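Visitor:
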Amino acid sequence: GAVVSQHPSWVICKSGTSVKIECRSLDFQATTMFWYRQFPKQSLMLMATSNEGSKATYEQGVEKDKFLINHASLTLSTLTVTSAHPEDSSFYICSPKRGDYGYTFGSGTRLTVV
Amino acid sequence: GENVEQHPSTLSVQEGDSAVIKCTYSDSASNYFPWYKQELGKRPQLIIDIRSNVGEKKDQRIAVTLNKTAKHFSLHITETQPEDSAVYFCAASYYNQGGKLIFGQGTELSVKP
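Read top to bottom, the protein sequences are chains A and B. Using my numbering, the first residue of the first sequence is number 1475, and each one after it goes up by one. Using my numbering, the first residue of the second sequence is number 2, and each one after it goes up by one.
This is the structure we're talking about:
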């Protein structure tokens, strides 16, 4: 159990465009979704926390108007990087939470902005 | 704010030796402490975890200890093998903040044959 699908696995986009990353929990319902960003040779940095049907809570320093999070259902959350710039190039990982201790992770999305 | 400090950042051991990675956390309300192994470009893989009501947990060659008073926890890998080479992350769950998981900085473990 606890299968998570994250798409796309990699994407290249032009500077100024938007990119949407989708995360689905295939066999469980995730009441809470976390989104992380990981730069090369660095740790996973929490960007935001979202609960189904509620607005996301963003960590300090993360622009909520740039990183749009939608948690429309218990099995689907999306992260949209708007007006992407080269400095947004990173590895983005979703983390649907299952119960109190069930932290799961998507396979990640490698975003390259050119 | 929430913070998890992890040391060392790099660790090199000979095959068969033990490896120890240490982490400290800032919030005494943290109640869950997982350890992950991550290979390049992959998702983190849970290798062992411990809850705040337990002081030690072992799974074959891997063990984790927790000292709630000092707010630190450690990963112990015995009889290391070359395939143990990877980046390891500790994390702490902040129960009072929606259970968000904060990661340490990571330790790059290299096991030399």
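Even glycine gets a Cβ: it sits at the ideal position worked out from N, Cα and C. Since the structure is predicted, the reported quantities are computational estimates derived from the model, not experimental observations.
1) Tell me which residues share the same chain as Y33(B) and place their Cβ nearer than 6 Å to its Cβ, disregarding the 5 neighbours each side in the sequence.
2) Short check: CB of S75(B) to CB of K23(B), under 8 Å?
3) So within the segment 11–51 of chain B, which uninterrupted alpha helix (DSSP H) runs reach at least 4 residues, ignoring any that extend past its ends?
4) Beta-carbon of I103(B) versus every beta-carbon of chain A: anything under 8 Å?
5) Secondary structure at Y1575(A), three-state DSSP: helix, strand or coil?
6) What residue range is occupied by the uninterrupted beta strand (DSSP E) comprising H8(B)?
7) Nearest CA to the CA of E1496(A): which residue from E1561(A), G1490(A), V1588(A) and W1484(A)?
8) So that I know if they touch, is there some Cβ in chain B lying closer than 8 Å to that of I1567(A)?
9) Restricting to Cα atoms, I'd like to know which of T11(B), L67(B) and K59(B) is closest to T79(B).
10) Tell me which residues share the same chain as T1556(A) and place their Cβ nearer than 8 Å to its Cβ, disregarding the 5 neighbours each side in the sequence.
11) Can you name the residues of chain A whose CB is closer than 7 Å to the CB of Y33(B)?
12) Who are the Cβ neighbours of H1545(A) in its own chain at under 6 Å, not counting the five residues just before and after it?
13) For E57(B) and S1489(A), I'd like the C-alpha separation in whole angstroms.
14) Is the Cβ of L1518(A) closer than 8 Å to any Cβ of chain B?
15) Quick check: what's the CA-CA separation for K113(B) versus T1531(A)?
Guide: According to the data block:
1) As a working note, residue 33(B) is residue 32 in the second sequence. Here the set comprises R52 and S94.
2) Taking the second sequence and counting its residues from 1, one reaches residue 75(B) at position 74. Taking the second sequence and counting its residues from 1, one reaches residue 23(B) at position 22. Cβ atoms of S75(B) and K23(B): closer than 8 Å.
3) none
4) On the second sequence, position 102 is the one that residue 103(B) refers to. So yes, I103(B) belongs to the interface.
5) For the purposes of this step, residue 1575(A) is taken as residue 101 along the first sequence, with counting starting at 1. Y1575(A): coil per DSSP, three-state reduction.
6) One-based indexing of the second sequence puts residue 8(B) at position 7. Note, H8(B): beta strand (DSSP E), V5 to H8.
7) Position 22 of the first sequence, counted from the start, is the residue given in the question as residue 1496(A). Of the candidates E1561(A), G1490(A), V1588(A) and W1484(A), the one whose C-alpha sits nearest the C-alpha of E1496(A) is W1484(A).
8) Position 93 of the first sequence, counted from the start, is the residue given in the question as residue 1567(A). It does; some Cβ of chain B falls within 8 Å.
9) The residue labelled residue 79(B) in the question sits at position 78 within the second sequence. Selected option, being the one with the closest Cα: K59(B).
10) As a first step, residue 1556(A) must be located in the first sequence, where it is residue number 82. Hits under 8 Å: S1492, D1539, K1540, F1541 and L1542.
11) One-based indexing of the second sequence puts residue 33(B) at position 32. Within 7 Å Cβ-Cβ: Y1575.
12) For the purposes of this step, residue 1545(A) is taken as the residue at position 71 of the first sequence. Same-chain partners within the cutoff: M1507, S1524, E1526 and S1551.
13) The sequence position of residue 57(B) within the second sequence is 56, counting from 1. The sequence position of residue 1489(A) within the first sequence is 15, counting from 1. Cα-Cα distance, rounded: 49 Å.
14) By 1-based counting over the first sequence, the position of residue 1518(A) is 44. Yes, because at least one Cβ of chain B sits closer than 8 Å to the Cβ of L1518(A).
15) Indexing the second sequence from 1 puts residue 113(B) at position 112. Indexing the first sequence from 1 puts residue 1531(A) at position 57. Distance between the alpha carbons of K113(B) and T1531(A): 43 Å.
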